[in-house]
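Line by line, the protein sequences are chains A and B. With our numbering, letter number 34 in the first sequence gets 30, and the count goes up by one each step, no holes. With our numbering, letter number 64 in the second sequence gets 60, and the count goes up by one each step, no holes. Cβ atoms here follow ideal geometry from the backbone N, Cα and C, with glycine treated the same way.
Number of protein chains: 2
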Amino acid sequence: MTTQKVTPINGNSLRGHLETMVLSSLEQSDAHGFEILRRLEKAGCGALKMKEGSLYPALYRLEKSGLIKSRWEKCETNRPGPRRRIYKLTSKGKRRLQQGREEWVQFVSVVGQIVGAPA
Amino acid sequence: MTTQKVTPINGNSLRGHLETMVLSSLEQSDAHGFEILRRLEKAGCGALKMKEGSLYPALYRLEKSGLIKSRWEKCETNRPGPRRRIYKLTSKGKRRLQQGREEWVQFVSVVGQIVGAPA
DNA sequence: GCATGTATTTAGACAGGCTAGGTACTAAAT
DNA sequence: ATTTAGTACCTAGCCTGTCTAAATACATGC
Chain A
-3 MTTQKVTPIN
7 GNSLRGHLET
17 MVLSSLEQSD
27 AHGFEILRRL
37 EKAGCGALKM
47 KEGSLYPALY
57 RLEKSGLIKS
67 RWEKCETNRP
77 GPRRRIYKLT
87 SKGKRRLQQG
97 REEWVQFVSV
107 VGQIVGAPA
Chain B
-3 MTTQKVTPIN
7 GNSLRGHLET
17 MVLSSLEQSD
27 AHGFEILRRL
37 EKAGCGALKM
47 KEGSLYPALY
57 RLEKSGLIKS
67 RWEKCETNRP
77 GPRRRIYKLT
87 SKGKRRLQQG
97 REEWVQFVSV
107 VGQIVGAPA
């Protein structure tokens, strides 16, 4: 009974928002892919399941557009595991994030009004 | 100066929301495709540009799923122009609309929190 | 060795909104 | 009569971006 049906947010509805989400998650601090995944999953409260296969291509696109920059982190810095690629917002990326937020607000406003759900 | 730059809501961000929008626009009253387009465009305040090439396939999918039903309207009923296909929500469609609204609220809540834009 | 957890990468599938046309009917203009 | 314009519908094929599913690599523990 208490099976708390959390309808997962699927890929379609994420389209066009994922990149802003990634940029936003990098605002607090630089991070590598897996860490971004963890941040988003945590913030998504179980409803959000972004996959590696979505994230890494997105990161590639973002870097290609100059919105983020990456550097490799050596793994000898007192931690186990493989190498990590650390991503960082560029100033261009910060501006885009601002823009993405404005677009998000407009998107919510417009679609929300049509869908007519009580905000 | 007063060029009110309305960034149009593009196809990607509409993904996965369009069907709920269509269902919602049919709630007030039955309508044919063009009328749905007008309703959405009007509600979108200029920011929303849904195309026929998106709507008609969506209507087809919705009908195939039993969420809407259509009937042809003869054109001799005191109006000019070609025949129209009038769409109507089924009870299954009404239930789906409810579900779509719940999912919308959740979507806005989750993504909104991540994007961090002031709601 | 082998399994496990962490981390990255990629090929290919797939969905669905968009482009860009086409069809058809009516009325008004030429 | 023919053209033009407005309304209405339909569709083939494109394109983008998320997902599936697998491979690779490194370190630790059994």
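Problem set entry | residue 69 of chain A - DSSP class collapsed to helix/strand/coil | strand
For this session: Could you please tell me which residues of the region 29 to 45 of chain A, in chain order, have their CB closer than 9 Å to any CB of chain B?
Result: 35, 36, 39, 40, 41, 43 and 44
Exercise. Of all Cβ atoms in chain A, is any one closer than 7 Å to the Cβ of residue 5 of chain B?
Worked result: yes
Problem set entry | Residue burial classification, residue 3 of chain A (beta-carbon count within 10 angstroms, cutoff 16) | exposed
Problem set entry | residue 44 of chain A to residue 16 of chain A span [Cα, whole Å] | 15 Å
Exercise. Where residue 104 of chain B and residue 47 of chain B are concerned, what is the direct C-alpha to C-alpha distance, given to the nearest angstrom?
Worked result: 24 Å
Problem set entry | Alpha-carbon to alpha-carbon, residue 50 of chain B and residue 68 of chain B | 21 Å
Exercise. Nearest to residue 110 of chain B by CA position, among A:26, A:32 and A:81, is which residue?
Worked result: A:32
For this session: Could you please give the first and the last residue of the uninterrupted alpha helix (DSSP H) stretch that includes residue 45 of chain A?
Result: Neither: residue 45 of chain A is in no alpha helix (DSSP H) and is coded neither H nor E.
Exercise. Under a three-way DSSP split, which group does residue 85 of chain A fall into?
Worked result: strand
Exercise. From residue 87 of chain B to residue 63 of chain B, what distance separates their C-alpha atoms?
Worked result: 7 Å
For this session: Would you be able to state if there are at least three C-beta pairs under 8 Å between the region 23 to 37 of chain B and the region 92 to 99 of chain A?
Result: no
For this session: Determine, using beta carbons only, whether residue 18 of chain A comes closer than 7 Å to chain B.
Result: no
For this session: Let me know the alpha helix (DSSP H) ranges lying completely inside the region 0 to 25 of chain A, each 4 residues or longer, listed in chain order.
Result: 7 to 10 and 14 to 21
For this session: Report buried or exposed for residue 99 of chain A, applying the criterion of at least 16 other Cβ atoms within 10 angstroms of its Cβ.
Result: buried
Exercise. Closest Cβ-Cβ distance between residue 112 of chain B and chain A: below 7 Å?
Worked result: yes
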